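Throughout the sequence shown, residue numbering follows the working numbering, covering 3 to 787 in sequence.
The structure appears below as structure tokens.
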Amino acid sequence: MVKTPTLWRKVYRDAARNLGQVAAVAAVIGAGVATFVTMRTSFRALERSRTVYYRDYRFADVFAGVRRAPETLRTRIERISGVAEVETRLVYALTLDVPGLAEPATGRLISAVPEQKLNRIFLRAGRMPLPESRDEVVVSEAFAARNAIAPGSTIGAVLNGRWVRLRVTGIGISPEYVYELQGAGFFPDRRFGVMWMPRDAMEAAFAMTGAFNDVSVRLAPGASEGEVIRRLDALLTRYGSPGAYGRKDQLSNRFVSDEINGDRVSSTVVPPIFLAIAAFLTYVVLARLVARQRDSIATLKAFGYANGPIVEHYVLFALIPAAVGATVGIGAGIWAGHQLGRVYAEFFRFPVFAYRADGDVMAIAVLAAAIPSAVGAWLAVGSVARMQPAEAMRPASPAAYRAGWVEQVSRLLPVTARFALRNMSRHPVKVAATVAGIGVSIAILMIGRYFFDSLEYVKYVEFAVVERQTATVAFNEVREPGVESSLHALPGVLRVEPFRTVAVRLRAGHRDYRTAIQSLPARPRMHRLIDLHLRVVPLPYEGMVMSATLARILSVRPGDRVTVEVLEGRRRETAVRVAGLVDELIGANVYMEIGALGRLVGDARGYSGARMEADPVLESHLYARLKQLPAVAGVNVREAMLKSFDETVAESLQISVGVFSIFAGVIAFSIVYNSVRIALSERSHELASLRVLGFTRWEVAAILLGEHMFLSVCAIPAGLLMGRALCEVLSRSLETELYRLPVVLSGESYVYALGMVILASIFSALLVGRGIWRLDLIAALKTRE
Numbered sequence: 003m004v005k006t007p008t009l010w011r012k013v014y015r016d017a018a019r020n021l022g023q024v025a026a027v028a029a030v031i032g033a034g035v036a037t038f039v040t041m042r043t044s045f046r047a048l049e050r051s052r053t054v055y056y057r058d059y060r061f062a063d064v065f066a067g068v069r070r071a072p073e074t075l076r077t078r079i080e081r082i083s084g085v086a087e088v089e090t091r092l093v094y095a096l097t098l099d100v101p102g103l104a105e106p107a108t109g110r111l112i113s114a115v116p117e118q119k120l121n122r123i124f125l126r127a128g129r130m131p132l133p134e135s136r137d138e139v140v141v142s143e144a145f146a147a148r149n150a151i152a153p154g155s156t157i158g159a160v161l162n163g164r165w166v167r168l169r170v171t172g173i174g175i176s177p178e179y180v181y182e183l184q185g186a187g188f189f190p191d192r193r194f195g196v197m198w199m200p201r202d203a204m205e206a207a208f209a210m211t212g213a214f215n216d217v218s219v220r221l222a223p224g225a226s227e228g229e230v231i232r233r234l235d236a237l238l239t240r241y242g243s244p245g246a247y248g249r250k251d252q253l254s255n256r257f258v259s260d261e262i263n264g265d266r267v268s269s270t271v272v273p274p275i276f277l278a279i280a281a282f283l284t285y286v287v288l289a290r291l292v293a294r295q296r297d298s299i300a301t302l303k304a305f306g307y308a309n310g311p312i313v314e315h316y317v318l319f320a321l322i323p324a325a326v327g328a329t330v331g332i333g334a335g336i337w338a339g340h341q342l343g344r345v346y347a348e349f350f351r352f353p354v355f356a357y358r359a360d361g362d363v364m365a366i367a368v369l370a371a372a373i374p375s376a377v378g379a380w381l382a383v384g385s386v387a388r389m390q391p392a393e394a395m396r397p398a399s400p401a402a403y404r405a406g407w408v409e410q411v412s413r414l415l416p417v418t419a420r421f422a423l424r425n426m427s428r429h430p431v432k433v434a435a436t437v438a439g440i441g442v443s444i445a446i447l448m449i450g451r452y453f454f455d456s457l458e459y460v461k462y463v464e465f466a467v468v469e470r471q472t473a474t475v476a477f478n479e480v481r482e483p484g485v486e487s488s489l490h491a492l493p494g495v496l497r498v499e500p501f502r503t504v505a506v507r508l509r510a511g512h513r514d515y516r517t518a519i520q521s522l523p524a525r526p527r528m529h530r531l532i533d534l535h536l537r538v539v540p541l542p543y544e545g546m547v548m549s550a551t552l553a554r555i556l557s558v559r560p561g562d563r564v565t566v567e568v569l570e571g572r573r574r575e576t577a578v579r580v581a582g583l584v585d586e587l588i589g590a591n592v593y594m595e596i597g598a599l600g601r602l603v604g605d606a607r608g609y610s611g612a613r614m615e616a617d618p619v620l621e622s623h624l625y626a627r628l629k630q631l632p633a634v635a636g637v638n639v640r641e642a643m644l645k646s647f648d649e650t651v652a653e654s655l656q657i658s659v660g661v662f663s664i665f666a667g668v669i670a671f672s673i674v675y676n677s678v679r680i681a682l683s684e685r686s687h688e689l690a691s692l693r694v695l696g697f698t699r700w701e702v703a704a705i706l707l708g709e710h711m712f713l714s715v716c717a718i719p720a721g722l723l724m725g726r727a728l729c730e731v732l733s734r735s736l737e738t739e740l741y742r743l744p745v746v747l748s749g750e751s752y753v754y755a756l757g758m759v760i761l762a763s764i765f766s767a768l769l770v771g772r773g774i775w776r777l778d779l780i781a782a783l784k785t786r787e
């Protein structure tokens, strides 16, 4: 038996002779591996960092707010079975005047004590306020960074109706505000920040000595969260609590969890697509390579080589691009993961971002590169290796050449076009494989653009179609009707549209969901409700309208009745009919007409806030006045929110989608180049024959490259359909309760995907054209006896 190591020299020679194809396959494998390593390691780093942060800084498990409760109630809360620690505190919203910021900002002021048990503060800079101070605060890092605030800065604020100036002593972060959001917002805004002040100072400012309005609880190991919440509600309901809720419903944690889940889905769905393409490409390359080496395989078998060593030889050949691709892909993935980790670290502001190249991820990446390549090689060589030497030494049976439909339809075409069309008609499998490969390259380029297009559509819908107000003000407590007149009197105000929000728990069968119902006029002008086709949906005078996302969560349809438990005031419980659905991209919301909500809660009077349309010329005067109104707890400016949306999207997607697009581009080019290069290798004998018969180099190039261009054009519809289908899969996979990314692809994205494939085709044609120009006629025309 001949030893297999003697075949290694042939492996190296084959790799050198097919260097272009080997490099292209390695590039595809490397891009797939890099995508997997990037997404998987960054996802794990984010999850690991969150876990460590929550644990070390003692993020609470259960939260509840009240209007006012005596501090003595704390002892009763501590006695609840399953409660390990309790932290009572004061939390208030206030309007801020930040230097350099024209619009009013909103702050959330939280009491802090020196030995804080839960939701501890990590100081980035400066110091904590002195316990005896009355005007010192620590400011959240995100708010400070966006507004150039540093220790020593001062901020104007309306504190319980009094205008004061707060001195910043430190910059800090808390696990409770990893993702810093205002109650009604869905992305960070430089006009909202969190501040911590000594408990004694807040008690004096808000007349809350010996009382609290917010409580956090840490559960004992093995405790039932539901039971603790039930017993906590029994204690706090009489003090105006809208109900306790667990960590999973805490706003910041929900957004971080959705980001982690989205990364988990992306790292599970996208890389297999890339690696499957790599496996397919490897198989195609090896199958065609083996077909050209039938005589070599027969010679090896004639000299005593068994099937095993021959298969081993080609598997080893396939592992060369797999090894190169895995090595380069892992290196590129770790680098890209670090870059993405830096974005996460800055965006979520964890104290430590624990990025690590996990061994199991690297092992999976290597196996994902090696196994498909080895299997592809085994499938490609298996049929030839099983042949008898004499049979394998004979060339493959030629195709049955006879006049067909091509001859009938191509008489008016040039000779070169007839050659190309005839060849395609007689090799349908190869044509289908080429069209599929180029189509896949178009599809993956479309995926990279999908995220940008979808977010641009969300921005358009939210800020051009739905939200049409200049500013939205939230009151520090429910205000009586007539407050509209006061708002109308403010500088530049043209129109006022008041609203009210009521905390509720919705129940449908065994499903329940905690949210808030917002009241609007029957035909709102500044916050419009829309359907799937962006048509305005009027509010009925009876029943509720809910988002389609919430309807799916509760499994209800229009006409069904939902039990509404009001979590404030008289805490009524009523069955309400679902009158209709609206197609909202952000949030899971419920709406009722103002009068209908008033009848539901048993109080037809009162507003929680108002939307205002203002004269652009007088906006600065309006904002200056709003900063000093004691009744205003917060202000959201639509244009400022739009700007924050753009900044947030650019910050969170620029690197991740950019890296993905680069990998997709590498794969697209590799697929296109391989299809042309393999075609040249297979048809070198035929092309050389044409040259001997008198065809010029240009005519021979036109036959091969014209055929490829024709197949590229045929691949466009298939690629667009595949791209759309893959975007649909991603859209469904990434949908959460808080947001969804619709499948929207702009004309620019189609042009981008097609343009990249066309450029790859032209560049590949230039590279392959050199091979046609240098075609060795004597070597190509050698025949086997």
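Ideal Cβ placement from N, Cα and C applies to all residues, glycine included.
The structure displayed is predicted, hence computed values, not measured ones.
From this set, the options, which residue's C-alpha is nearest residue i's C-alpha?
| i | options | result |
| --- | --- | --- |
| Arg70 | Val166, Phe214, Val180, Met41 | Phe214 |
| Ala2 | Pro430, Arg627, Glu314, Met594 | With the chain covering only 3 through 787, there is no way to say anything about residue 2. |
| Ala598 | Leu318, Val566, Glu80, Ser44 | Val566 |
| Ile366 | Ser691, Thr43, Leu732, Leu747 | Thr43 |
| Ala577 | Ala370, Asn263, Val603 | Val603 |
| Ser748 | Leu457, Val170, Arg136, Gly378 | Leu457 |
| Gly84 | Glu73, Val64, Val258 | Val64 |
| Lys629 | Ala47, Tyr94, Gly109 | Gly109 |
| Arg232 | Tyr247, Arg15, Gly361 | Tyr247 |
| Ala33 | Asn676, Gly333, Val485, Trp700 | Gly333 |
| Val547 | Ala476, Arg344, Leu706, Leu583 | Leu583 |
| Ala550 | Arg256, Phe319, Leu536, Ala590 | Ala590 |
Can you look up residue i in the DSSP assignment and give me helix, strand or coil?
| i | result |
| --- | --- |
| Ile109 | Sequence inspection shows Gly at residue 109; the Ile mentioned does not correspond to that position. DSSP places Gly109 in strand when its eight states are reduced to three. |
| Leu522 | strand |
| His535 | coil |
| Met643 | helix |
| Ile82 | coil |
| Thr239 | helix |
| Met364 | helix |
| Gly102 | coil |
| Leu96 | strand |
| Gly248 | strand |
| Glu787 | Caution is warranted here: a pLDDT of 41 is assigned to Glu787, below 50, making its placement in the model unreliable, and the coordinate value is therefore given only provisionally. Coil. |
| Met546 | strand |
| Pro632 | coil |
| Leu168 | strand |
Could you tell me the boundaries of the alpha helix (DSSP H) in which residue i lies?
| i | result |
| --- | --- |
| Gly589 | No alpha helix (DSSP H) contains Gly589, which DSSP labels as neither H nor E. |
| Gly339 | 309–350 |
| Phe45 | 21–58 |
| Arg713 | For clarity, residue 713 is Leu in the given sequence; the question names Arg instead. First-last of the alpha helix (DSSP H) with Leu713: 699–736. |
| Phe454 | 430–462 |
| Thr551 | 550–556 |
| Met204 | 201–207 |
| Phe145 | 143–148 |
Since residue i is in the beta strand (DSSP E), which residue starts that stretch and which ends it?
| i | result |
| --- | --- |
| Phe214 | 213–221 |
| Met614 | 609–616 |
| Thr156 | 156–161 |
Whole-angstrom Cβ separation of residue i and residue j, contact assumed at under 8 Å?
| i | j | result |
| --- | --- | --- |
| Pro493 | Leu620 | 5 Å |
| Val272 | Met130 | Between Met130 and Val272 the Cβ distance is about 44 Å, and since that is not below 8 Å, they are no contact. |
| Val759 | Ile275 | That pair is no contact at about 17 Å. |
| Val564 | Arg509 | 7 Å |
| Leu2 | Leu161 | As displayed, the chain neither begins before 3 nor continues past 787, which places residue 2 out of reach and without an answer. |
| Ile555 | Arg513 | 7 Å |
Rounded to whole angstroms, what is the Cα-Cα separation between residue i and residue j?
| i | j | result |
| --- | --- | --- |
| Arg601 | Arg579 | 14 Å |
| Leu534 | Arg19 | 56 Å |
| Ala642 | Ala626 | 15 Å |
| Val326 | Phe765 | 23 Å |
| Arg140 | Arg742 | First, the amino acid is wrong: residue 140 is Val here, not Arg. Roughly 35 Å between the two C-alpha positions. |
| Glu479 | Pro244 | 14 Å |
Heavy atom of the ligand ADP less than 7 Å from the Cβ of residue i, yes or no?
| i | result |
| --- | --- |
| Leu569 | With respect to the ligand ADP, the structure shown offers nothing to examine, as it has no ligands at all. |
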